[in-house]
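S.K.: Under the working numbering, think of the first position of the sequence shown as 112, with each following residue one higher.
I have a structure here, written as structure tokens, and I will follow up with some questions on it.
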Amino acid sequence: MPAKPAPIKKAVKKEPVKKKEEEKAPEPAPAPEPAPAEPAPAEAAPAPAEGEAPAAPAEEAPAAPPAEEPKPPTPPPPADAADAPAAEDAAAAAQADAPAEAEAAAEAPAPEEKPPTPPPPPPKEPTSAPVDLFVEDKNDTSVSIIWSQPENIGPSGLDGYVIEVCKDGTEDWKAVNEDVQKSCRFVIKNQTTGDRLKIRVVAVNIGGRSPPVTLPEAVLVKEVADRPKVRLPRFLRQRYVANVGDKINLTIPFTGKPKPVVSWTKDGKALDAKRVNIRSTDRDSILFIRQSERDDSGVYEMTVKVDDFEDKAQLVLQIVELPGPPTTCKIADTWGFNVALEWTPPVDSGNTEITGYTVQKADKKTGDWFTVLEHYHRLNATISDLIMGNTYKFRVFTENKVGLSESAAMTKDEAKILKTGIEYKPTDYKEHDFTEAPKFTTNLSDRATTVGYSTKLLCSVRGFPKPKIQWMKNQMIIGEDPKYRQICAQGICSLEIRKPGNFDGGVYTCKAKNDHGEALVSCKLEVKQPAVPDADKK
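Below you can see the structure in the form of structure tokens.
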């Protein structure tokens, strides 16, 4: 069988390496190219399989052109069991040429490394147009606008916004912000009152300008007129009361555009600038009095005005203090242990209503004052429970919301409670007649006893004078018989029969008698024989 030729890859692989060496180093003489490995003997090579053409000898393989780059080796087809010896010879030949290839590779210079190619720059695209542009506020010289950022910003990001304006009827758009606006709010200042402006906003980034968002209508540069309105606090809608010397600081808010003109009056007249200070802002007005006096009381009116519109609000300020004492106080009458007082209202009520009076008394001996009436509303009073023989003085204070008057009205006269002769006359009482005929309240009860066992009969009786008690047996008076013991105490009557016998049974009677009558009560006593045991009977 013909021998299988050695792989041609080795010769082909070496040509480019040597060619490169000759090109880079032309001075030294090129080394002679080693001869390709001879093919294995024919007897060692296995026969080709059926259907396969015999491989050409290794000598006839044409050398690769030096200009062409080496192609990657084609892996040999898998060898079956019959081609195993040829595969082993090819592996041995490859191992023999490996040192030569490694040496040639070491001599060849390493290829130059190229820097990594940078990624392509992102596309420069502008954002989409901003959205939701509208006017937030305006006045005679400026317009305040707000908007929202674009829905699609893109990879180039967002640097800011440019705000442009032009007069209505022209297309001469001019930017009003020198630097790129970062926020979504801008105030267009220094405008002429009465001009009509078209306004638009453009988003800018590295990719350029976005499509603009424009207000649908031109804006008139003029303050928006808003009717003025005074917002009077709830606690000022009724009378505001303060004490003399208090600091008054009242803030009254209001609304209106343009800024309303605020004015104040007191009782229809202009305020005294030395007493009352007014400080007004765009939103409220403050009425301030450093130290209030009675003369500061009155009706204060606040007026806010915008053009031909105005609004008013009133507040009532009342400065109060302690009242004066009653004008007069006198003792109207004295009788027994009582004194009648009368007085008149004070001249000065403290700029508020009188809520009552306080009445005090003092004994001339001690001089100590004691309150007898508080929060008393009448102009006369009766003082009672005075001590006989003492002399009294009285005084009256006035009271209002602030407190008691600092001084009091005192009686000029004194009230003396005189001592009077007292004779004790006891009342004649008719003595009650307690006399009563005897009457048994508890009757005697029938009894049964046994021979030899003592027994007792009981009853109760009442009567006045105390009735005399007498015991009888079968209508016969018992008397002082020692067999019987008779006791009567506190109306309880008892008869004790000591160890009665067979003949002590019968009807016993208790008789009670006094000067007003007598009473009887009876009972029956039965004396039984003792029980005999059965053994004794036999």
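Ideal Cβ positions, reconstructed from N, Cα and C, are used throughout, including at glycine.
Since the model is a prediction, treat every value here as computed from it, not as a measurement.
Measure how close the beta-carbons of residue 421 and residue 344 come, nearest whole angstrom, since I'm counting them as under 8 Å.
M.R.: Not a contact, Cβ separation roughly 20 Å.
S.K.: In or out: residue 643 buried (at least 16 other Cβ within 10 Å) or exposed?
M.R.: With fewer than 16 other Cβ atoms within 10 Å, it is exposed.
S.K.: Can you tell me which of the three DSSP states residue 326 falls into?
M.R.: It is coil, neither helix nor strand.
S.K.: Within the continuous beta strand (DSSP E) that includes residue 258, where are the two ends?
M.R.: From DSSP, the beta strand (DSSP E) with residue 258 extends over 254-259.
S.K.: Is the CB-CB distance between residue 299 and residue 276 below 8 Å?
M.R.: Yes, the Cβ-Cβ distance between residue 299 and residue 276 is below 8 Å.
S.K.: Do you know whose CA, among 613, 614 and 599, lies nearest residue 607's CA?
M.R.: Minimum Cα distance to residue 607 is reached at 599.
S.K.: Where residue 638 and residue 559 are concerned, what is the direct C-alpha to C-alpha distance, given to the nearest angstrom?
M.R.: Whole-angstrom Cα-Cα distance: 6 Å.
S.K.: Have a look at residue 572 and residue 628 and give me their C-alpha separation to the nearest angstrom.
M.R.: Between residue 572 and residue 628, the C-alpha separation is close to 13 Å.
S.K.: Tell me whether the segment 608-623 and the segment 576-589 touch, counting them as touching only if at least three CB pairs, one residue from each stretch, are closer than 8 Å.
M.R.: These segments touch.
S.K.: I want to know whether the segment 429-439 touches the segment 366-383 - three or more CB-CB distances under 8 Å.
M.R.: The segment 429-439 is not in contact with the segment 366-383.
S.K.: Restricting to Cα atoms, I'd like to know which of 535, 524 and 260 is closest to residue 444.
M.R.: For residue 444, the nearest C-alpha among the options comes from 524.
S.K.: When the distance is taken between beta carbons, is residue 247 closer than 8 Å to residue 318?
M.R.: Against a cut-off of 8 Å, the Cβ pair of residue 247 and residue 318 comes out as no contact.
S.K.: Could you give the C-beta distance for residue 494 and residue 472, rounded to a whole number, given that I count them as a contact under 8 Å?
M.R.: Going by Cβ atoms, the distance from residue 494 to residue 472 rounds to 6 Å, so yes, they are a contact pair.
S.K.: My guess is that residue 308 and residue 254 are in contact by the Cβ rule of under 8 Å, so how many angstroms apart are they, rounded?
M.R.: Residue 308 to residue 254, Cβ: 7 Å. Contact.
S.K.: Keeping to the same chain, check which residues put their C-beta closer than 7 Å to that of residue 461; ignore five residues upstream and five downstream.
M.R.: So the list reads 431, 432, 433, 434, 511 and 513, once near-sequence residues are dropped.
S.K.: With 16 other CB atoms within 10 Å as the buried threshold, where does residue 411 fall?
M.R.: Result: buried.
S.K.: Could you spell out the range, first to last residue, of the beta strand (DSSP E) harbouring residue 362?
M.R.: From DSSP, the beta strand (DSSP E) with residue 362 extends over 359-368.
S.K.: For a minimum of 3 consecutive residues, which ranges assigned as the beta strand (DSSP E) are wholly contained in the segment 477-505?
M.R.: Entirely contained in the segment 477-505, the beta strand (DSSP E) runs reaching 3 residues are, in chain order, 480-487 and 491-494.
S.K.: Return the CA-CA distance between residue 543 and residue 603, expressed in angstroms with no decimal places.
M.R.: For residue 543 and residue 603, the distance between alpha carbons rounds to 25 Å.
S.K.: Taking buried to mean at least 16 other C-beta atoms within 10 Å of its own C-beta, is residue 251 buried or exposed?
M.R.: Exposed, because fewer than 16 other Cβ atoms sit within 10 Å of the Cβ of residue 251.
S.K.: Tell me whether residue 418 sits in a helix, a strand or coil according to DSSP, three-state version.
M.R.: Note: residue 418 maps to coil in three-state DSSP.
S.K.: Beta strand (DSSP E) containing residue 624: first to last residue?
M.R.: Note, residue 624: beta strand (DSSP E), 617-625.
S.K.: What's the C-alpha gap between residue 271 and residue 389?
M.R.: Their backbone Cα atoms lie some 45 Å apart in a straight line.
S.K.: Would you check if there are 3 or more beta carbon pairs closer than 8 Å linking the segment 397-414 to the segment 348-360?
M.R.: Enough Cβ pairs lie closer than 8 Å, so yes.
S.K.: On the premise that residue 490 lies in contact with residue 464, defined as a C-beta separation below 8 Å, what is that separation, rounded to the nearest angstrom?
M.R.: The pair is not a contact, with the Cβ atoms about 15 Å apart (cut-off 8 Å).
S.K.: Identify, in the order they occur along the chain, each residue of the same chain with its Cβ nearer than 6 Å to the Cβ of residue 563, setting aside the five sequence neighbours on each side.
M.R.: Once the five neighbours on either side are set aside, the close Cβ partners of residue 563 are 610.
S.K.: When we look at the beta-carbon of residue 640 and count the other beta-carbons within 10 Å, is it buried (16 or more) or exposed?
M.R.: Result: exposed.
S.K.: I need the straight-line Cα distance from residue 327 to residue 245, nearest angstrom please.
M.R.: Distance between the alpha carbons of residue 327 and residue 245: 9 Å.
S.K.: From what residue to what residue does the beta strand (DSSP E) around residue 351 run?
M.R.: First-last of the beta strand (DSSP E) with residue 351: 351-354.
S.K.: For residue 530, tell me which candidate among 260, 552 and 498 has the shortest Cα-Cα distance.
M.R.: Closest by alpha carbon: 498.
S.K.: Could you tell me how far apart the beta carbons of residue 330 and residue 249 are, in whole angstroms, since I believe they sit closer than 8 Å?
M.R.: Confirmed, Cβ separation roughly 7 Å.
S.K.: Can you give me the Cβ contacts of residue 334 inside the same chain, cut-off strictly under 8 Å, excluding the 5 residues immediately before and after it?
M.R.: 249, 250, 251, 368 and 369.
S.K.: Is the beta carbon of residue 457 less than 8 Å from the beta carbon of residue 396?
M.R.: Their beta carbons are not under 8 Å apart, which means residue 457 does not touch residue 396 by this criterion.
S.K.: Going by beta carbon distance, what residues of the same chain come within less than 6 Å of residue 361, once the five residues before and after it are set aside?
M.R.: Hits under 6 Å: 398.
S.K.: Answer with buried or exposed for residue 268, where buried requires no fewer than 16 other C-beta atoms within 10 angstroms of its C-beta.
M.R.: Counting Cβ neighbours within 10 Å, residue 268 comes out exposed, since fewer than 16 surround it.
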